[in-house]
Amino acid sequence: MKFCYIFIACLLMTATTVYSQDCSLLAKNYKLKEGDTISYQLYSGKGLKLEELHVGHADSIRNVVCINGGKKVDSIGSARFSSIQFTAEKHGQNFLAFEFTGESLEVPSDEIGALVKTKKTAAIDSATTEEAEETDEFAMGTEYIAAPHFSVKALTCTEGNSGKFYEAKLNQQLEIVLSQSPYKLQYGDDLTGAVLFLGKPIAGIAVKVFVKSMGDNVYQNEYHTDDEGRFFFKLNRSGNWLIQTAYARASKAEKSDSDYDYWQSSFSFGF
108 MKFCYIFIAC
118 LLMTATTVYS
128 QDCSLLAKNY
138 KLKEGDTISY
148 QLYSGKGLKL
158 EELHVGHADS
168 IRNVVCINGG
178 KKVDSIGSAR
188 FSSIQFTAEK
198 HGQNFLAFEF
208 TGESLEVPSD
218 EIGALVKTKK
228 TAAIDSATTE
238 EAEETDEFAM
248 GTEYIAAPHF
258 SVKALTCTEG
268 NSGKFYEAKL
278 NQQLEIVLSQ
288 SPYKLQYGDD
298 LTGAVLFLGK
308 PIAGIAVKVF
318 VKSMGDNVYQ
328 NEYHTDDEGR
338 FFFKLNRSGN
348 WLIQTAYARA
358 SKAEKSDSDY
368 DYWQSSFSFG
378 F
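In the numbering used here, the protein residues as written are 108 to 378.
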């Protein structure tokens, strides 16, 4: 293929542009008081172990939604993004979401195969039988070039939990939405989420849920969406929560330097 695997390893260690296969938008604090600083940072990497994450930068962002205390903020723009801060002005939910495109990266066949071959590939992509069968043909030891597309969301609250931004459908290419506000739930309650691909529920996709406890221990569980694109998990620890999911399919562009398109989405919140 077009890049060597060593080159990708070097890219993962840089902090200039996001090249990792996983990205997330994390808040320094998820529960704030009026006058506190709301601080968001973009990271590349999987999960919530900061020692395994790299500070990320997006060259440009699009479909930006920024809410501070229930009020829309227009000053974030669409230029290069790494982090941003606001002063918490009003009670209620705060929300930041956007999309961006990364540089093409090389992905080993086993990783791209796992993303393409979900439990219900044909249903996900409305693929023909021929297209579905093609997803099984991966040359062992081969690296494929993928064009990554990222979407991130972060939900915080200021001395209150009013607002429904957790369930907002923003028409992101790959999007995570929640059916309930985590800030209104109690310990041990079930939280329902859904994954949408191009605005429609996506069935059989793997969803990883991370929680970083008050003692800085990180726990991880994996779920799969049902026929309606939903997944379910319990809020069983206080701390910072992160949901990540990813999907890939063969590039449909007539002229493309990439073998696959790769989508990755994340949603972070506190409990």
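Think of the CB as a built atom: it goes at the ideal place given N, C-alpha and C, for glycine as much as any other residue.
The model shown is predicted, which means the values in this text are computed figures rather than measured ones.
ask   = How about the stretch 199-210 and the stretch 153-160: do they share at least three Cβ pairs that are nearer than 8 Å?
value = They do not touch, by the three-pair rule.
query = Helix or strand or just coil, what does DSSP make of lysine 291?
reply = Lysine 291: helix per DSSP, three-state reduction.
query = For the beta strand (DSSP E) that serine 373 lies in, which residues bound it at each end?
reply = Start and end: 367-377.
request  = May I have the straight-line CA-CA distance separating arginine 356 from glutamine 371, to the nearest angstrom?
outcome  = One C-alpha to the other measures close to 12 Å.
message = Relative to the C-alpha of phenylalanine 193, which candidate in Ile183, Gly199, Asn170 has its C-alpha closest?
response = The residue among Ile183, Gly199, Asn170 with its C-alpha nearest the C-alpha of phenylalanine 193 is Ile183.
query = Are the Cβ atoms of isoleucine 283 and isoleucine 174 separated by less than 8 Å?
reply = Not in contact: isoleucine 283 and isoleucine 174 (Cβ atoms no closer than 8 Å).
ask   = Using 8 Å as the Cβ pair cut-off and three pairs as the minimum, do the stretch 255-274 and the stretch 137-149 touch?
value = Short answer: they touch.
query = Is the stretch 335-351 close to the stretch 301-321, with three or more CB pairs under 8 Å?
reply = Cβ pair count under 8 Å is three or more, so yes.
request  = Return the residue from the list Met321, Ala254, Leu292, Glu213 that minimises the CA-CA distance to lysine 359.
outcome  = Measuring from the Cα of lysine 359, the nearest candidate turns out to be Ala254.
key: Where tyrosine 137 sits in the DSSP three-state scheme   = Here tyrosine 137 sits in coil by DSSP.
request  = Scan the stretch 126-204 and note each continuous beta strand (DSSP E) run of 3 residues or more that stays entirely inside, going in chain order.
outcome  = Counting whole runs of 3 or more residues, the stretch 126-204 contains the beta strand (DSSP E) stretches 130-134, 144-151, 169-175, 190-194.
key: Residues near serine 258 in its chain [Cβ-Cβ closer than 7 Å; skip 5 each side]   = Within the same chain, and ignoring the five residues on either side of serine 258 in sequence, the residues whose Cβ sits closer than 7 Å to its Cβ are Glu206, Gln279, Gln280, Leu281, Glu282, Ser372.
task = Give every residue of the same chain whose Cβ lies closer than 6 Å to the Cβ of glutamate 241, excluding the five residues on either side of it in the sequence, and list them in chain order.
result = Legend: pLDDT at glutamate 241 = 42, less than 50; position of this residue unreliable, value from coordinates given subsequently. For glutamate 241, where only same-chain residues beyond five positions count, there are no Cβ hits under 6 Å.
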